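Residue numbers (my numbering), protein chains in the order written: chain A, 11 to 151; chain S, 11 to 151; chain E, 11 to 151; chain Y, 11 to 151. Ideal placement from N, C-alpha and C gives every residue a C-beta, glycine not left out. These figures come from a predicted structure and were not determined experimentally.
Protein chains: 4
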Amino acid sequence: MSYSRQMLDTYPGTIGVDAAVLAAAIDAPSDCAQACTADVDADLSEQNLAEIIRCIRLCLHCVDVCTATLGVTSRQADYDADVTKPLLRACVAICTSCGDECERHARHYEHCRVCEQACRRCEQACRRCEQACRELLDALK
Amino acid sequence: MSYSRQMLDTYPGTIGVDAAVLAAAIDAPSDCAQACTADVDADLSEQNLAEIIRCIRLCLHCVDVCTATLGVTSRQADYDADVTKPLLRACVAICTSCGDECERHARHYEHCRVCEQACRRCEQACRRCEQACRELLDALK
Amino acid sequence: MSYSRQMLDTYPGTIGVDAAVLAAAIDAPSDCAQACTADVDADLSEQNLAEIIRCIRLCLHCVDVCTATLGVTSRQADYDADVTKPLLRACVAICTSCGDECERHARHYEHCRVCEQACRRCEQACRRCEQACRELLDALK
Amino acid sequence: MSYSRQMLDTYPGTIGVDAAVLAAAIDAPSDCAQACTADVDADLSEQNLAEIIRCIRLCLHCVDVCTATLGVTSRQADYDADVTKPLLRACVAICTSCGDECERHARHYEHCRVCEQACRRCEQACRRCEQACRELLDALK
């Protein structure tokens with residue numbers, strides 16, 4: 011069991027969202043941020059730099075947005091839809107763009123294939139978390 | 011002149027958004043992230059902790075979102091509205107919440123008054139940058 | 011297999027340090043940063059705040075140092091002992107302090123027990139990585 | 011007056027280190043992290059990518075270490091020499107390396123000249139802060 015899930019299971023307050031959904035919205039951005047950091051470094055070691063500049067830039071954005079997302083989803087209390095929802099949306103958007111770009115290079119560069127998978131998983135986890143948050147908010151109305 | 015503005019003025023590519031607006035959307039989140047980090051530490055030194063827990067939590071979210079925002083606004087190329095706009099929106103939202111909460115404590119705690127100012131400035135800078143980005147995108151259509 | 015290990019296994023350049031040791035010095039700070047973020051949030055939900063303020067502060071430092079460490083260990087090329095070694099040392103130090111403090115609260119707070127484990131694992135992984143880096147540097151002389 | 015200095019001046023506890031020295035060890039890493047983020051983006055827009063790959067990598071490390079440094083120097087209480095000193099040392103080292111590398115490109119690329127200045131200022135501020143911390147610790151013995 012991941013640390014994030016263990017931390018959720020020992021949380022002293024109430025967690026509004028399903029713990030498995032939330033844990034995924036913590037672990038997946040964490041993995042994705044690391045994979046993108048490593049992918050930038052791997053990209054910079056390739057010969058045809060010109061063709062992977064866009065991949066590098068998107069990975070750098072992805073690191074920043076995923077890091078913020080996992081910070082915010084890691085804090086349960088005082089959940090604020092006006093912050094969390096656009097942040098999850100930004101995270102879905104950059105993971106989609108970054109995943110698409112990595113996919114274009116996945117045949118040539120194994121590291122882009124691995125990074126694409128991390129982006130796709132993060133994209134899905136953030137989508138599910140956004141959905142769960144929306145349902146929770148609707149239920150509270 | 012701030013480093014961010016100097017970096018924009020020496021940027022080798024084209025910058026779509028007004029440089030002063032963009033520099034503010036880099037410097038203000040940077041200042042705000044630092045002020046919120048310091049405010050958490052100051053809050054933890056106060057006696058009546060129970061009443062400023064919400065302030066601490068909002069400041070922690072604010073650090074994460076502001077740090078991501080300044081990273082993304084610092085990278086000019088491959089601007090992606092689907093990422094930048096929700097991120098700026100999340101930044102405006104957390105700076106508003108955090109500024110409001112700090113305002114509640116500003117009379118008693120000088121450090122919350124300073125932090126409130128940093129939040130307000132960041133909120134405005136992100137709003138202006140979002141507006142400028144929207145106008146740019148409309149102009150490109 | 012973790013993404014960090016997959017990224018190392020598909021890295022286009024040469025990796026000086028044992029891949030398993032290096033992967034641990036990426037994954038453990040990543041887990042530790044998340045656990046400490048969550049532990050701060052859990053601490054803030056407890057009644058006896060006064061007695062866990064030190065735990066909160068150390069966790070906040072731990073998040074910052076672990077995040078930097080995993081960024082630096084994720085980039086293979088241009089390894090610089092003058093940067094990596096003191097950074098790993100700072101990471102070992104904060105994980106030790108933070109782990110010790112969490113241990114003091116582990117009997118009362120389950121979340122501190124989980125966080126302590128994440129700190130201990132990170133402390134050991136950074137120690138092993140520092141050792142491996144030292145051996146590599148000695149071998150290169 | 012910078013926000014960091016205002017936050018120090020309104021801090022409810024005691025600050026062991028000279029406030030001006032400490033504020034510089036907060037503001038300079040903050041500026042340096044931003045300048046390096048922007049420099050990576052500017053570098054990626056240049057034609058001769060091959061010759062500035064090392065500059066990109068060092069800037070990326072510099073962002074990570076400076077961000078951690080400013081987080082830790084922003085928190086006054088529970089100062090721990092075993093964490094702060096090696097972290098400041100890592101920050102001095104990466105700012106020196108990154109400044110040296112930027113200097114090599116400063117004649118051709120204006121953005122590297124600006125980034126070099128930010129690195130040099132951060133290097134000096136961290137050195138002075140390390141010195142001030144050492145004197146404080148000696149005085150406390």
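Closest by C-alpha distance to S/P22, out of Y/S40, Y/A30, Y/S12 and Y/Q57, is Y/Q57. Taken atom to atom, the span from the alpha-carbon of Y/D92 to that of Y/R144 is near 11 Å.
Minimum Cα-Cα distance from E/V73 among the listed residues E/I104, E/Q16, E/E113 and E/R15 corresponds to E/I104. Interface annotation for the region 70 to 89 of chain A against chain S: L70, H71, D74, V75, T77, A78, G81, V82, R85, A87 and D88, criterion Cβ-Cβ distance under 7 Å. For E/D28, the secondary structure class from DSSP, reduced to helix, strand or coil, is coil. The beta carbon of A/T83 sits closer than 6 Å to the beta carbons of A35 and I36 from its chain, once the five residues preceding and following it are set aside; these are given in chain order. For E/L98, there are no neighbours in chain S by C-beta distance under 8 Å, as the nearest C-beta there is about 23 Å away. Chain-ordered, the chain E residues with CB closer than 8 Å to the CB of S/R67 read D51 and L54. For A/Q141, not one C-beta of chain E is nearer than 8 Å to its own C-beta.
E/V102 is the residue among E/R15, E/D110, E/C129 and E/V102 whose C-alpha sits nearest the C-alpha of E/Q141.
Taking the beta carbon of E/I25 as reference, no residue of chain S falls within 9 Å; the closest one sits roughly 27 Å away. Using a CB distance cut-off of 8 Å, Y/A60 counts as an interface residue toward chain A.
The DSSP-derived three-state label of A/P96 is helix.
Contact between the region 120 to 137 of chain Y and the region 45 to 64 of chain Y is present: 3 or more CB-CB pairs across the two stretches fall below 8 Å.
Each of E/H115, E/L80 and E/E111 was checked against the Cα of E/V31, and the nearest Cα belongs to E/L80. Note that the C-beta distance between A/C108 and A/L54 is not below 8 Å. Using a 10 angstroms sphere on the CB of Y/M11, the tally of other CB atoms stays under 16, which defines it as exposed. Take the alpha-carbon of S/V50 and the one of S/I66: they are about 5 Å apart. Pairing S/R15 with S/A29 gives a Cβ-Cβ distance under 8 Å. Scanning the region 34 to 116 of chain E for uninterrupted alpha helix (DSSP H) segments of 4 residues or longer gives 63 to 84 and 91 to 115, listed from N- to C-terminal end.
By the beta-carbon neighbour count (other beta carbons within 10 angstroms, threshold 16), Y/R130 is buried. Look at E/S12 here: in three-state DSSP terms it is coil, with no helix or strand label. Contact check for S/L70 and E/A60: beta-carbon distance about 19 Å, past the 8 Å limit, so the pair fails to qualify. Within the same chain, Cβ atoms closer than 7 Å to the Cβ of E/I62 are found at D53, E56 and H115, the five residues on either side in sequence being excluded.
Its Cα nearest to that of Y/R64, the residue E/Y89 stands out among E/A78, E/Y89, E/T77 and E/V27. Residues of chain A whose Cβ lies closer than 8 Å to the Cβ of S/A103 are, in chain order, D90, D92, V93 and P96. By the 16-neighbour rule on beta-carbons within 10 angstroms, A/T24 is exposed.
If you draw a 10 Å sphere on the C-beta of E/R85, you find 16 or more other C-beta atoms in it, and that means buried.
The alpha-carbon separation between E/D110 and Y/P96 amounts to approximately 20 Å. In this structure, the alpha-carbon of S/E113 lies about 36 Å from that of E/A128. Minimum Cα-Cα distance from Y/A33 among the listed residues Y/A135, Y/L146 and Y/A149 corresponds to Y/A135. At least one C-beta of chain S is nearer than 8 Å to the C-beta of A/S107. Chain-ordered, the chain E residues with CB closer than 9 Å to the CB of S/I63 read L54, S55 and L59. Annotated three-state conformation of S/H118 is coil, per DSSP.
S/S40 and Y/S40 have their alpha carbons spaced roughly 7 Å apart.
If you draw a 10 Å sphere on the C-beta of Y/R117, you find fewer than 16 other C-beta atoms in it, and that means exposed.
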